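Below is one structure; the comments refer to it alone.
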Amino acid sequence: MAPRVLVSDELSETAVQIFRDRGVEVDYMPKLGKDKEALAAVIDQYDGLAIRSATKATEKLLAAATRLKVIGRAGIGVDNVDIPAASKKGIIVMNTPFGNSITTAEHAIAMMFAVARQIPEANASTHAGKWEKSKFMGVELFNKTLGVIGAGNIGGIVCDRAVGLHMKVVAYDPFLSEERAKTLGVTKVELDELLARADFITLHVPLTDKTRNILSAENIAKTKKGVRIINCARGGLIDEAALAEALKSGQVAGAALDVFEVEPATENPLFNMPNVVCTPHLGASTTEAQENVALQVAEQMSDYLLTGAVQNALNMPSVTAEEAAVMGPWIKLASHLGAFIGQMTDEPIKAINILYDGTVAEMNLAALNCAAIAGVMKASNPDVNLVSAPIVAKERGIQVSTTRQDKSGAFDAYIKVTMVTDTRERSIAGTCFSDGKPRFIQIKGINIDAEIGEHMLYTTNEDVPGIIGLLGMTMGKNGVNIANFTLGRSALGQEAIALLYLDQAIDPKVVDTLESTGMFQQVKPLQFDVA
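In the working numbering, the protein residues as written are 27 to 557.
Structure representation (structure tokens):
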């Protein structure tokens, strides 16, 4: 029987035809996604669900999807899909992460032109029958300095276009290598230098705990007076109230925003301010982009339903059914090893070296590599998945190498991930026991045996008495329960490490308390996806 797909949001007829041409039965009901009850009533009839943003693939809907094998999102955002719930049911969730890149980058450039020349206000004035030529004095982009915060896929395209406009481009991105910066034709700088030098600032980073309000009141005060700010990335990257005050004071000469902290944005402190250009999240709204992502999702879903091939999946690697049963724990381990490295690193990564020892060296290393690289990259870009991670790493100029070797130690198999920057190498190794549970077995060359939990705390210190008591007492005083506790040291009296498996996340004040003792070289809370 031919697989059957439901398209519950607006999708181009060409994309719908791809399903038919590939031999997939398809029902095109673009209004159904907005009717939760009606969708839930029919979802059990389909193997695939193709959506945009209107359909909400909630846990409740997925519970009724007894036949569903794959959800395809035409676009990058999957906030409307309960990925953990889909994973538990064995439903693959795919997206099309790169179909909107050029469109979004072009919108940022268009917004920069608009705010530089006050085009929206001049347009409204002229339509109103006024001729206020002297009122709308603009500035050239030529020879101005553009500060790009985030030089990944979209940010890199913006850099390329800005260089073509003969702008001087400086970029802040902790994971941008010097080699990649040279390729883009930009100067890599720290954030404070970018703020001080830029005539225009454009943001192209995901919204994470590290990037939220990256343009805070404090950072906006560090900018060059008269700067113009563009945000077509994510709402929440700018303190909107602080930006409004900076516009009033003249510290910021203009702003152009396509995204807002609260959307739909029906009211905002920036609305109706002079030389503030606002658009309703149009970054991906071009005919070409919408067509591209629609065609891509139709091809990807058809490939999976007909051949089992997996592309751009957010919740599984590209492995065969036979491999999956054996490789599952090792894929999780590779992801945890990468996540440790990624969370411990705040400087550009030059290389990721992955060593496979023993029986694991005979497995599908492509999938394992993707898991490790995705673990590393997720610390700076939560949108990265197992498929896109190698592409993102390549764009950032990160060299990835893989080594296989025969069994060489006490374990039948293990994986070791080493991260290389300009200033250091950091390594971690792990294995999977017979119960299928991943374990950390070595950090920085120090042997350990650590169970991996969702919330962990890593510390380094000189090997002196009292550290165990200090950690336990501090956790106890702050109501944090320790589920497991692992220690290791390089030699008596030399460097020592501790890895605590905690029952809950710890407050940053606990970290401050430990650091204030002067007993630790490093105190780092860590999180791992152990679902």
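From the three backbone atoms N, C-alpha and C, an ideal C-beta is built for every residue, glycine too. From a predicted model like this one, the values you see are computed outputs, not experimental measurements.
Original post:
For tyrosine 558, which three-state DSSP category applies?
Top reply: Shown here, the chain extends from 27 to 557; a query on residue 558 therefore has no answer.
**OP:** Just mark threonine 81 as buried or exposed, buried being the case when its beta carbon has 16 or more other beta carbons within 10 Å.
**Re:** Sequence index remark: in the sequence shown, residue 81 carries index 55 (1-based). When all chains shown are included, threonine 81 counts as buried.
**OP:** Ignoring anything shorter than 3 residues or poking outside the segment 475 to 499, list the beta strand (DSSP E) runs there in chain order.
**Re:** 481 to 488
Subject >> C-alpha gap between alanine 67 and alanine 91, whole angstroms >> reply: Your numbering for residue 67 matches position 41 in the sequence shown. Your numbering for residue 91 matches position 65 in the sequence shown. So the alpha carbons of these two residues sit roughly 9 Å apart.
Original post:
Quick one: is glutamine 431 buried, meaning 16 or more other Cβ sit within 10 Å of its Cβ, or exposed?
Top reply: Along the sequence shown, read from residue 1 onward, the residue named residue 431 stands at position 405. By the 10 Å Cβ count, glutamine 431 comes out exposed.
Subject >> Residues sharing a beta bridge with glutamate 451, DSSP >> reply: Here residue 451 corresponds to residue number 425 of the sequence shown, with the count starting at 1. Beta-bridge pairing links glutamate 451 to Val446.
Original post:
Who does tyrosine 527 pair with in a DSSP beta bridge?
Top reply: Looking up residue 527 in the sequence shown gives position 501. Beta-bridge pairing links tyrosine 527 to Met482 and Asn510.
Original post:
How would you label lysine 156, buried or exposed, when you count the other beta carbons within 10 angstroms and need 16 or more for buried?
Top reply: Mapped onto the sequence shown, residue 156 falls at position 130. Exposed: under 16 other Cβ atoms inside 10 Å.
**OP:** Output yes or no for whether 8 Å exceeds the beta carbon distance between isoleucine 454 and phenylalanine 466.
**Re:** On the sequence shown, residue 454 is found 428 positions in, with the first residue counted as 1. On the sequence shown, residue 466 is found 440 positions in, with the first residue counted as 1. Yes, these two residues count as a Cβ contact at 8 Å.
**OP:** Since I believe aspartate 529 is in contact with alanine 509 (beta carbons under 8 Å), could you give me their beta-carbon distance rounded to a whole number of angstroms?
**Re:** Along the sequence shown, one-based indexing puts residue 509 at 483. Along the sequence shown, one-based indexing puts residue 529 at 503. Going by Cβ atoms, the distance from alanine 509 to aspartate 529 rounds to 5 Å, so yes, they are a contact pair.
Original post:
Which residues in the same chain as phenylalanine 391 place their Cβ atom closer than 7 Å to its Cβ, once the five residues preceding and following it in sequence are excluded?
Top reply: Here residue 391 refers to the residue found at position 365 of the sequence shown. In the sequence as presented, phenylalanine is not what sits at residue 391; that position holds leucine. Correct list, in chain order: Tyr382 and Thr428.
Subject >> Host alpha helix (DSSP H) of serine 642 (start-end) >> reply: Examination of residue 642 is not possible in this model, given that the chain is present from 27 through 557 alone.
Original post:
In chain order, which beta strand (DSSP E) runs of at least 3 residues are fully inside the segment 348 to 420?
Top reply: 377 to 384
Original post:
From this set, Gly74, Glu132 and Asn338, which residue's C-alpha is nearest serine 414's C-alpha?
Top reply: Within the sequence shown, the letter at position 388 stands for residue 414. For serine 414, the nearest C-alpha among the options comes from Asn338.
Subject >> Nearest neighbour of alanine 100, chosen from Ser34, Thr457, Met389 and Glu205 [CA to CA] >> reply: Locating residue 100 in the sequence shown gives position 74, where the first residue counts as 1. Comparing Cα positions, the closest option is Ser34.
**OP:** Can you tell me which of Leu202, Glu166, Val386 and Lys57 puts its alpha carbon nearest to the alpha carbon of lysine 194?
**Re:** Here residue 194 corresponds to residue number 168 of the sequence shown, with the count starting at 1. The option with the nearest alpha carbon to lysine 194 is Glu166.
Original post:
Is proline 374 near proline 200, with beta carbons less than 8 Å apart?
Top reply: Translated into positions along the sequence shown, residue 374 becomes position 348. Translated into positions along the sequence shown, residue 200 becomes position 174. A contact, by the Cβ cut-off of 8 Å.
**OP:** Give the DSSP-derived three-state secondary structure of alanine 291 in the structure shown.
**Re:** Against the sequence shown, residue 291 aligns to sequence position 265. Of the three classes helix, strand and coil, the one that applies to alanine 291 here is coil, per DSSP.
Subject >> Short Cβ contact (8 Å threshold) for proline 29 with valine 42 >> reply: Position 3 of the sequence shown holds residue 29. Position 16 of the sequence shown holds residue 42. Taking 8 Å as the Cβ cut-off, proline 29 and valine 42 do not qualify as a contacting pair.
Subject >> asparagine 473, DSSP secondary structure in three states >> reply: Here residue 473 is taken as the residue at index 447 of the sequence shown, counted from 1. In this structure, asparagine 473 counts as strand in the three-state DSSP scheme.
Original post:
Short check: CB of isoleucine 117 to CB of valine 96, under 8 Å?
Top reply: Here residue 117 is taken as the residue at index 91 of the sequence shown, counted from 1. Here residue 96 is taken as the residue at index 70 of the sequence shown, counted from 1. Yes, these two residues count as a Cβ contact at 8 Å.
Original post:
With respect to the alpha helix (DSSP H) encompassing isoleucine 256, which residues constitute its N-terminal and C-terminal limits?
Top reply: The residue labelled residue 256 in the question sits at position 230 within the sequence shown. Isoleucine 256 -> not in any alpha helix (DSSP H); beta strand (DSSP E) instead, spanning 253 to 257.
Subject >> leucine 241 to leucine 263 span [Cα, whole Å] >> reply: On the sequence shown, residue 241 is found 215 positions in, with the first residue counted as 1. On the sequence shown, residue 263 is found 237 positions in, with the first residue counted as 1. Their Cα atoms are separated by approximately 6 Å.
Subject >> Supposed contact pair glutamate 289 and glycine 261 - C-beta distance, whole angstroms, cut 8 Å >> reply: On the sequence shown, position 235 is the one that residue 261 refers to. On the sequence shown, position 263 is the one that residue 289 refers to. Between glutamate 289 and glycine 261 the Cβ distance is about 6 Å, and since that is below 8 Å, they are a contact.
Original post:
So, is isoleucine 44 buried or exposed, given that buried needs 16 or more other C-beta atoms within 10 angstroms?
Top reply: Stepping through the sequence shown from its first residue, residue 44 is reached at position 18. Label assigned to isoleucine 44: buried.
**OP:** Enumerate, from N- to C-terminal direction, the unbroken beta strand (DSSP E) stretches of 3 or more residues contained entirely within the segment 79 to 161.
**Re:** 96 to 99 and 118 to 120
**OP:** Report back the beta-carbon spacing between asparagine 259 and arginine 187 to the nearest angstrom; my notes put them in contact at under 8 Å.
**Re:** Position 233 of the sequence shown, counted from the start, is the residue given in the question as residue 259. Position 161 of the sequence shown, counted from the start, is the residue given in the question as residue 187. Position check: residue 259 holds alanine in this sequence, whereas asparagine was assumed. Contact doesn't hold; Cβ gap of about 16 Å is too wide.
**OP:** Answer yes if the segment 515 to 535 comes into contact with the segment 475 to 490, meaning at least three C-beta pairs across the two stretches below 8 Å, and no otherwise.
**Re:** yes
Original post:
Which residues in the same chain have their Cβ closer than 7 Å to the Cβ of glutamate 541, if we skip the five residues on either side of it in sequence?
Top reply: Locating residue 541 in the sequence shown gives position 515, counting from the first residue. Val549, listed in sequence order.
Original post:
Between the Cα of threonine 249 and the Cα atoms of Thr237, Lys236, Glu158 and Ala268, which residue gives the shortest distance?
Top reply: In the sequence shown, counting from the first residue as 1, residue 249 sits at position 223. It is Ala268.
Original post:
Between alanine 270 and leucine 296, is the Cβ-Cβ spacing less than 8 Å?
Top reply: The count along the sequence shown starts at 1 and reaches residue 270 at position 244. The count along the sequence shown starts at 1 and reaches residue 296 at position 270. Yes, Cβ-Cβ distance for alanine 270 and leucine 296 is below 8 Å.
Subject >> alpha helix (DSSP H) runs wholly inside the segment 260 to 308, at least 4 long, in chain order >> reply: 266 to 275
Subject >> Contact test: aspartate 533 Cβ vs the ligand SAM heavy atom, cutoff 7 Å >> reply: The ligand SAM is not part of this structure, which contains no ligands at all.
Original post:
So with Cβ pairs under 8 Å, would you call glycine 456 a contact of chain D?
Top reply: The structure shown contains no chain D; it holds only a single protein chain.
**OP:** Note down the Cα distance separating lysine 559 from valine 196, rounded to an integer number of angstroms.
**Re:** It is not possible to answer for residue 559, since the shown part of the chain is limited to 27 through 557.
Subject >> Helix, strand or coil at valine 422 [DSSP, three-state] >> reply: Taking the first residue of the sequence shown as 1, we reach residue 422 at position 396. It should be pointed out that residue 422 corresponds to arginine in this sequence rather than to valine. Residue state, collapsed to three classes: coil.
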